[in-house]
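Q:
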Amino acid sequence: MAKDPLTVSEVAHRSGFAPSALRFYEEKGLIEASRTSGGQRRYARAVLRRLAFVRAASNVGLSLDEIAAELDTLPHGRTPNSEDWRRISEDWRARLDERVAAIEALRDRLDGCIGCGCLSLGTCWLYNPDDVIGTRTSGAGRLPELLRRPGAREREAAGAQRGLPGSVVAGG
Numbered sequence: 008m009a010k011d012p013l014t015v016s017e018v019a020h021r022s023g024f025a026p027s028a029l030r031f032y033e034e035k036g037l038i039e040a041s042r043t044s045g046g047q048r049r050y051a052r053a054v055l056r057r058l059a060f061v062r063a064a065s066n067v068g069l070s071l072d073e074i075a076a077e078l079d080t081l082p083h084g085r086t087p088n089s090e091d092w093r094r095i096s097e098d099w100r101a102r103l104d105e106r107v108a109a110i111e112a113l114r115d116r117l118d119g120c121i122g123c124g125c126l127s128l129g130t131c132w133l134y135n136p137d138d139v140i141g142t143r144t145s146g147a148g149r150l151p152e153l154l155r156r157p158g159a160r161e162r163e164a165a166g167a168q169r170g171l172p173g174s175v176v177a178g179g
C-alpha cells in the first residue's frame, strides 16, 4: 500500500543512496526514521524528497553542515511550497553561476588546446616548466579554483580508504 512506511532497502533503491549513507544521514539529523518493535528502521515516503534535496545540494557544492542548515529552514509540519524552494534556489544561484563559469573556462581552454594540435610543451598553457605551479598550489593548478576541489566521488573514495563515516556522503 502506498501509505506504508519504506524499509531501508526500499529507500536505498529508490533514492540511489547506500544503506550506510541513510544511517549516516539519520545520525546527522538530515533524515528521520521510526523503528519497528524489532528495531528495524522505517521511513516515511517524504524522506525520498529530502534525499533528493541532499543529492541536489551536494551537487551544487554545499557541505553537509550547509545542507543541514538549509533543511532546517524547511517547514516540519507541511510539504515545502514554491516560496520555500524559490528562497533556497536564490541561495544556490551564486554557487551554480560560479560552477558554470569554471566549467565554461575549462571547456574553452580545452577546445583551444585540443584543437590546436601543436603538441608544443614550450607554448602550451598546460605546460608547467620547473613545476612553478607546484610552489603556489596543489593539484591541477591550471584548472579554475572551483574545479581543483575534490569532487563527491573523490571525497567518498578518500574517506573509504581511511574508514571514515563521511565516505558514504555521496552515497550510491
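According to the numbering used here, the residues represented by the sequence shown are 8 to 179, in order.
C-beta: ideal position from N, C-alpha, C; glycine also.
If you reduce the DSSP assignment to three classes, tell me which class GLY178 lands in.
A: Residue mapping note: residue 178 aligns to position 171 of the sequence shown, counting from 1. Note that GLY178 scores a pLDDT of 40, beneath 50, so its modelled location is shaky and nothing firm can be said.
Q: Measure how close the beta-carbons of LEU29 and VAL15 come, nearest whole angstrom, since I'm counting them as under 8 Å.
A: What you label residue 29 is simply residue 22 of the sequence shown in a count that begins at 1. What you label residue 15 is simply residue 8 of the sequence shown in a count that begins at 1. Sure, about 6 Å apart at Cβ, within 8 Å.
Q: With 16 as the cutoff for other CB atoms within 10 Å, does ALA19 come out buried or exposed?
A: Taking the first residue of the sequence shown as 1, we reach residue 19 at position 12. ALA19 comes out buried.
Q: Measuring CA to CA, which of ILE110, ARG106, LEU55 and GLU90 is closest to GLY68?
A: The residue you call residue 68 lines up with position 61 of the sequence shown. Cα-wise, what sits closest to GLY68 is ARG106.
Q: Under three-state DSSP, which class holds SER96?
A: The residue you call residue 96 lines up with position 89 of the sequence shown. SER96 falls in the helix class under three-state DSSP.
Q: By alpha-carbon positions, which one of SER65, GLU34, ALA51 and LYS35 ends up nearest to LEU103?
A: The count along the sequence shown starts at 1 and reaches residue 103 at position 96. Of the candidates SER65, GLU34, ALA51 and LYS35, the one whose C-alpha sits nearest the C-alpha of LEU103 is SER65.
Q: I'd like the span of the alpha helix (DSSP H) that includes ILE74, first residue to last.
A: Within the sequence shown, numbered from 1, the residue matching residue 74 stands at position 67. First-last of the alpha helix (DSSP H) with ILE74: 71-80.
Q: With 16 as the cutoff for other CB atoms within 10 Å, does SER174 come out buried or exposed?
A: Taking the sequence shown and counting its residues from 1, the one referred to as residue 174 is at position 167. Reliability of the predicted coordinates at SER174 is poor, the pLDDT of 39 falling under 50, and the value obtained from them is presented with this limitation in mind. With 16 or more other Cβ atoms within 10 Å, it is buried.
Q: Taking only heavy atoms of the ligand NAD into account, decide whether any of them is closer than 7 Å to the Cβ of SER89.
A: In terms of ligand content, the structure shown is empty, and the ligand NAD therefore cannot be addressed.
Q: Would you tell me roughly how many angstroms separate the C-alpha atoms of PRO12 and GLU34, rounded to the nearest one?
A: Within the sequence shown, residue 12 is the residue found at index 5, counting from 1. Within the sequence shown, residue 34 is the residue found at index 27, counting from 1. Their Cα atoms are separated by approximately 19 Å.
Q: Does DSSP classify SER44 as helix, strand or coil?
A: Working through the sequence shown from its first residue, we reach residue 44 at position 37. Correct three-state label for SER44: coil.
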